[in-house]
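In what follows, a structure is listed as structure tokens, so that the remarks can point back to it.
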Amino acid sequence: MNGALQNSHEQELYSTFQKNVIELFEHHLATGSAYAPAATSVLTEVIKSSEEETVMGLEVQLKQATDAILKVAPIAAFVSLKASTELFLRFVIRTSLESSDFEECKRRLIKRGEYFRGLTEASRDKIAEVGERFIQDGSVILTHGNSRVVAAVFERAAKTKRFRVYVTEGRPDGSGYSFAERLLSAGVSVTIILDSCVGFIMDQVDLVLVGAEGVAENGGIINRVGSLQVAIVASSYNKPVFVAVESYKFSRIYPLRQHDLPLPSKYREPWYPLLPEVKISKDVQFENPASDFTPPSLISLLFTDLGVLTPAAVSDELIRLYQ
Amino acid sequence: METTSEVDNRHLSASKKKADKTKHTPPSRRMQYDDPSAVAKLKKTQIVRKKNAERAVPLFSHLPQYEQESIFSRGFQKDASELHPAVIKLGLQYASDVISGASSRCLSLLDTLALVIESFSLSEYLETRDYRRELDKYLRRNIQFLIDCRPLSISMGNCIRYIKSRISQLSPSIPEAENKSSLLKTIRNFREEKFERAEEMIAELGAERIRDGDTILTLGRSSCIEEIFTKAKNCGKDFHVIVLDARPRQEGLALCKNLIQMGVKTDYSSLYAASYYMRDVNIVLCGAEGLMSTGAVISGLGTACVALVAKEYHVPVMITSQTIKFSERGHLDAICFNEIGNPDELIGHEGSDWFMTGVHNEKKFANMLKENWKEMKNLKVLNLYYDLTPVEFIDAVITEIGIIPPSSVPVVLREYMSLS
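Line order of the protein sequences matches chains R and X.
Following full-length UniProt numbering, the residues of the first sequence are numbered contiguously, the last one being 323.
Following full-length UniProt numbering, the residues of the second sequence are numbered contiguously, the last one being 420.
Below you can see the structure in the form of structure tokens.
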């Protein structure tokens, strides 16, 4: 009886803890932070306010916080959040191995968390800097999805060069429209095409540049559904496919098939047609995966804050980080 | 260890000779079998007498040829009294294929070397001598005997290299007994870390990749893959295994037997059926003999063939391998490094009778072949053990440190091996 009471008390503590974490996370997002840096800030703050006195206890608490964050993670950010929180936990374990004094360890962790956050925030500029060089005057570029890093690369390149960008419409939510709007305001000439028009347009394209939700250990990327198709068409035309992505999205996952993606079951959002006036029988089934996996063989280079990497180099970085 | 590393870089032989003449550079430890002076030197170090091969296949004449006669009937060309009894026993087990799997060969080698180190004592020699040096010399002779019995595998070479480096790190100022016990302890730890725990870890990682309803194709038998299947079955996964097998060794039969006992749905077929089965397969799992620094895999004969078919059908190929099998060498083919088995296994195989029934003349020919193939001057028989699968045919390598792409072999060598 007593045990059950204690259990329910713990349960309550746990749920308020999770609620606080989620609130904090959403607050960070509201101030315009990207998902992964927001999660890092939350975890650092969890360490700051933690009353645990052992590394083990702290680890458990951080894991609970991670679970809470992942619960509210939108599909597009799931892989990157998973990767960056995992990496953060890895840092915690590493630091605890380095120093035996807990207080000292905690101080270092907070410092490291803040440093990590600084890194993740600065990474977009770095990527824009290395990626911009691949865009030449007069280039025709195809992009798919709505990535802030890709936009940063284009915005930076637009300051000194003139080029044309084809943006896919991005069904079902039409994210390409807002992306096109953003590029237009940066002075880039934009053309929106249907997702199914990629093959038609490919022979005019010089290079393909996409973002990524996550990067797998073998250098393949997980990104908005359709990226795989774009990469396949590009590789059959021998056009280079570049990926602009922050290194905190590198993850120790190793998908070999589309079904291997480590996404929660909710990743198949309810399908909604862009054309609401179309009437379809209810018996027709819809399938709408949010993301797909593009294998490393279809990717030419990755623009990251660590520099320009080949897909094979992702694993090198990961092995070094997780050793 | 020397024997396995001699074979590559044939084109270097000319420049090496030049280097040998100028005394400043130490002579390279790498020799090749097709360099006559190197072969002569190699023959000198051998303990067991070798006969000249009668029927070497041209491209493979640089490899140690299979010896039909047993070690004792050939006799020793050097004093063999220093050989440890456990080493002689192990050598005979290697030569007669009693111990033949890549992992079991390695484990038995570590156990035997531990015995040898335990029984070695300086007091038999002069006590003033350096323990490290004498132990190294003593080990080298014993290992040479093992090499004479059967060439070392890549992982065995790595194990020996590790033990030797540990011996050279011992301190001469510490009493012999302490050195010995610390050495034995490192070997025990090494064995546990690189084999026992590694295999568990690989089984876990591999079993995670198997989903309900998967069809997995494998070739021959690998202890790691068997562990993966056992683990997946114990986790309650429902999967289907296709075991392909090839003559003459037919190791897949043993795997098949164990799978059936576990209650796994199993198909057993010949390697020739690879293209038929491949359309239904989700994953191809294969074992390995060694991984090159280029990411290429040296594995049982037929693996390259299966990987090729799998690639054509877009089926992912996963290789299981402990990191101890990673090698710094970078072979481009399976000619430089390989092993030649008993040609009689191929020719005199019972299985060849069935498809010849009714064709009287051919059956007679097969029987005749079995008896006197050695007299037929224009026939050469090659029983090769390994082939090489290029890196682009492999999607992932399951190791104890995680699932990695084959292109990461040099990184693992750099990051992990420098520590040990």
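From the three backbone atoms N, C-alpha and C, an ideal C-beta is built for every residue, glycine too.
For X:Asp136, the uninterrupted alpha helix (DSSP H) segment begins and ends at Tyr131 to Cys149.
Closest in C-alpha terms to X:Ser96, from the list X:Asn342, X:Tyr276, X:Ala232 and X:Phe239, comes X:Asn342. Spatial neighbours of R:Ile127 in its own chain (CB-CB distance under 8 Å, excluding positions within 5 residues in sequence) are listed in chain order as Val149, Ala152, Val153, Ala244, Val245, Glu246, Phe303, Thr304 and Asp305. Short of 7 Å from the beta carbon of X:Ala80, and not among the five residues preceding or following it, lie these beta carbons of its own chain, in chain order: Ile47. A Cβ-Cβ distance of about 15 Å is found for the pair X:Leu90 and X:Arg191, leaving them out of contact under the 8 Å criterion. Contact annotation: X:Leu244 and X:Ala273 have beta-carbon atoms nearer than 8 Å. Straight across, the Cα-Cα distance linking R:Phe179 with X:Gly213 is about 41 Å. If one requires a minimum length of 4 residues, the alpha helix (DSSP H) runs lying completely within the region 217 to 267 of chain X are 223 to 234 and 252 to 262, in chain order.
Taking a C-beta cut-off of 7 Å against chain R, none of the residues of the region 190 to 217 of chain X qualify. With a threshold of 16 other beta carbon atoms within 10 Å, R:Asp125 falls short and is exposed. The beta carbon of R:Lys19 sits closer than 6 Å to none of the beta carbons in its chain outside the five residues before and after it. With respect to chain X, the C-beta atom of R:Asp292 has no partner C-beta closer than 8 Å. Using a Cβ distance threshold of 8 Å, R:Leu301 and R:Val230 do not count as a contacting pair. In the DSSP assignment, the residues bridged to R:Arg224 are R:Ser291. A direct Cα-to-Cα measurement between X:Glu199 and X:Glu400 gives close to 7 Å.
For X:Val411, the neighbours in chain R by C-beta distance under 8 Å run, in chain order, Ser315, Asp316, Ile319 and Arg320. Listed by position along chain X, the residues whose Cβ is nearer than 7 Å to that of R:Tyr254 are Ala396 and Ile403. Going by DSSP, R:Met202 is part of no alpha helix (DSSP H) at all; its letter is neither H nor E. Here X:Asp387 is bridged, per DSSP, to X:Ser299. Under the rule that a run must span 3 or more residues, the beta strand (DSSP E) segments found entirely inside the region 138 to 226 of chain R read 140 to 143, 164 to 168, 189 to 193, 207 to 210 and 221 to 224. Looking only at X:Leu388, X:Asp136, X:Leu122 and X:Lys325, the smallest Cα-Cα distance to X:Gly157 is reached by X:Lys325. A straight-line Cα-Cα distance of about 42 Å links R:Lys282 and X:Met318.
Residue-level contact by beta carbon holds for R:Asn218 and chain X, with a gap shorter than 8 Å. By the CB criterion at 8 Å, X:Phe60 and X:Ile335 fall inside the cutoff.
R:Leu109 is the residue among R:Asp101, R:Phe78, R:Ala83 and R:Leu109 whose C-alpha sits nearest the C-alpha of R:Phe91.
About 7 Å separates the Cβ atoms of X:Ile283 and X:Arg209, confirming a contact at the 8 Å cut-off. For the region 310 to 344 of chain X, the set of positions with a beta-carbon nearer than 8 Å to some beta-carbon of chain R reads Pro316 and Met318 in chain order.
Setting aside the 5 residues that flank it on each side, R:Ser175 is surrounded in the same chain by Asn146, each with a C-beta closer than 6 Å to its C-beta; the list follows chain order. In the same chain as X:Leu382, and ignoring 5 residues on each side of it, the C-beta atoms closer than 6 Å to its own belong to Val57, in chain order. Here R:Phe102 is not bridged, per DSSP, to any residue. For R:Phe303, no alpha helix (DSSP H) encloses it; the enclosing beta strand (DSSP E) starts and ends at Leu301 to Thr304. Note on the region 47 to 121 of chain X: whole alpha helix (DSSP H) runs with a minimum of 4 residues are 71 to 74, 85 to 95 and 102 to 119, in chain order. Minimum Cα-Cα distance from R:Met202 among the listed residues R:Ser96, R:Val165 and R:Tyr35 corresponds to R:Val165. For R:Arg257, the nearest beta carbon of chain X is closer than 8 Å to its own beta carbon.
For R:Ala312, the chain X residues whose Cβ falls inside 8 Å of its Cβ are Pro405, Ser407 and Ser408, in order along the chain. Chain R places a beta carbon closer than 8 Å to that of X:Glu415, counting this residue as a contact.
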